[in-house]
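*Asks:* Can you keep this structure in mind? I'll have questions shortly.
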Ligand code: NAI
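In my numbering, the protein residues as written are 4 to 337.
Structure follows, in structure tokens:
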């Protein structure tokens with residue numbers, strides 16, 4: 004089957020190209036999907052999308068008009084797809100539910116360790132032969148309370164790793180995960196989690212219920228000086244409120260792999276341009292903020308699994324059967 008792959012990078016060409024060889028004919032397209040670029044998929048029954056492709060109603064209408072019937076997401080998250088519009092237009096959507104929870108969980112803990120021990124500052128300092136320890140003081144993770152919001156595939160691995168460090172875990176989710184309870188995590192309300200946690204890490208999907216979960220009101224009850232980590236989706240956090248909290252010392256450390264306005268920034272080398280986004284520029288200027296550009300998923304194992312499942316989803320669509328990875332609009336309504 005002919006498939007148009009939007010937002011294609013060198014690693015998509017390598018991994019997806021290898022997995023699809025002999026099975027599907029892939030056309031790798033550099034642009035992101037939007038209503039303006041959807042016409043590039045003319046003549047392709049299926050397209051493959053990544054996290055910052057914009058599959059809103061306008062783009063989906065254009066895709067439907069040129070004959071697209073299936074979206075194969077190369078991601079677990081599907082908040083960038085208007086599922087109701089897709090259903091109305093008869094476009095099926097499949098995702099890669101859990102390609103490597105370890106990749107994201109390990110990156111999450113890397114952000115915690117780096118921020119705590121200020122490795123990013125120490126790295127540049129030592130390169131300048133400055134061996135002073137002033138300003139590098141950290142804390143023991145052992146015995147600290149970590150609040151894990153969302154204890155699905157990724158959150159559960161974060162819990163397991165942090166239990167290894169001797170952390171106390173408070174968890175919050177709409178469903179409790181027995182695995183996390185067995186590891187010693189205690190489920191709590193979001194309010195209690197925010198009040199008691201030294202570190203708060205977000206691992207729930209972005210839905211209308213979770214949008215701006217971290218905002219001025221929720222930060223008002225947070226433990227002063229806490230560390231906030233977001234490797235899930237930028238929209239979980241009201242970035243303006245977080246900047247205020249950083250200024251007031253309510254947030255002592257901030258680690259982000261995702262950002263509300265990342266679509267126009269991430270996955271691109273902008274080093275020779277003037278970035279007009281004042282918010283990200285402000286964040287990057289702070290010494291207790293560490294931002295990575297949506298790279299938590301980026302391991303060899305994850306790319307292999309994403310490619311393998313994406314190709315299986317495409318093959319199932321072509322054969323007219325279910326892959327088991329379809330996303331229905333009831334998931335966001337419910
Ligand atoms: P998952 O579906 O296994 O787990 C999500 C958990 O969040 C579930 O247990 C669910 O019950 C819970 N949840 C849903 N609504 C909630 C609410 N209102 N409050 C608290 N918990 C709620 O998903 P998985 O694989 O663990 O991924 C989590 C998120 O991580 C994805 O939605 C995606 O946005 C993000 N992600 C980020 C990546 C990156 O590279 N930075 C890569 C992969 C995923």
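Where is the CB? At the ideal position from N, CA and C, for every residue including glycine.
1) Would residue 56 and residue 35 qualify as a contact pair, given that the criterion is a beta-carbon distance under 8 Å?
2) Tell me the DSSP secondary structure of residue 234 in three-state form.
3) In chain order, what residues of the same chain have a beta carbon less than 8 Å from the beta carbon of residue 145, not counting five sequence neighbours either side?
4) What span of residues does the alpha helix (DSSP H) with residue 87 cover, start to end?
5) Tell me, which residues are paired with residue 329 by DSSP?
6) Out of 270, 25, 112, 119, point me to the one whose CA is closest to residue 157's CA.
7) Measuring from the CB of residue 206, is there a heavy atom of the ligand NAI at a distance below 7 Å?
8) For the ligand NAI, I want to know if residue 300 counts as a neighbour, meaning its beta carbon is within less than 7 Å of at least one of the ligand's heavy atoms.
9) Out of 10, 229, 137, state which residue places its alpha-carbon closest to the alpha-carbon of residue 115.
10) Which residue spans inside the region 160 to 225 form an unbroken beta strand (DSSP E) run of at least 3?
11) Please classify residue 283 as buried or exposed, where buried requires at least 16 other C-beta atoms within 10 Å of its C-beta.
12) Could you tell me whether the region 26 to 33 touches the region 92 to 107, where touching means 3 or more Cβ pairs closer than 8 Å?
13) Which residues in the same chain have their Cβ closer than 6 Å to the Cβ of residue 152, if we skip the five residues on either side of it in sequence?
14) Would the region 297 to 306 count as touching the region 260 to 270 if we require 3 or more Cβ pairs under 8 Å?
15) Check whether the Cβ of residue 27 lies closer than 7 Å to any heavy atom of the ligand NAI, and answer yes or no.
16) Look at the alpha carbon of residue 311 and the alpha carbon of residue 227, and state the distance between them as a whole number of angstroms.
17) Report the three-state DSSP secondary structure of residue 320 (helix, strand or coil).
18) Give the secondary structure of residue 40 by DSSP, where H, G and I count as helix, E and B as strand, and everything else as coil.
19) Please work out which residues of its chain come closer than 8 Å, Cβ to Cβ, to residue 278, disregarding the five sequence neighbours upstream and downstream, and give them in chain order.
20) Per DSSP, which one or two residues make a beta bridge with residue 74?
21) Keeping to the same chain, check which residues put their C-beta closer than 6 Å to that of residue 5; ignore five residues upstream and five downstream.
22) Quick one: is residue 68 buried, meaning 16 or more other Cβ sit within 10 Å of its Cβ, or exposed?
23) With DSSP run on the structure shown, which of helix, strand or coil describes residue 156?
24) Give a yes or no on whether the C-beta atoms belonging to residue 18 and residue 304 are separated by under 8 Å.
25) Would you tell me roughly how many angstroms separate the C-alpha atoms of residue 177 and residue 142, rounded to the nearest one?
26) How is the beta strand (DSSP E) around residue 144 delimited, first residue to last?
27) Please name the residue in 83, 316, 321 whose C-alpha comes closest to that of residue 328.
28) Does DSSP put residue 259 in a helix, a strand or coil?
29) Once you ignore the five residues that flank residue 150 on each side, which residues in its own chain have a CB closer than 6 Å to its CB?
30) Output the distance between the C-alpha atoms of residue 85 and residue 211, rounded to the nearest integer angstrom.
31) Determine the DSSP secondary structure at residue 4, reduced to helix, strand or coil.
32) Candidates 331, 314, 319: which alpha carbon is nearest residue 25's?
33) Flag this pair as yes or no: are the beta carbons of residue 49 and residue 75 separated by less than 8 Å?
*Replies:* On the basis of the coordinates in this document:
1) yes
2) coil
3) 168, 169, 170
4) 86 to 92
5) 97
6) 112
7) yes
8) yes
9) 229
10) 171 to 175, 202 to 205
11) buried
12) no
13) 175, 205, 207
14) yes
15) no
16) 44 Å
17) helix
18) coil
19) 268, 284
20) 50, 96
21) 28, 47
22) exposed
23) helix
24) no
25) 31 Å
26) No beta strand (DSSP E) contains residue 144, which DSSP labels as neither H nor E.
27) 316
28) strand
29) 173, 196, 200, 203
30) 12 Å
31) coil
32) 314
33) yes
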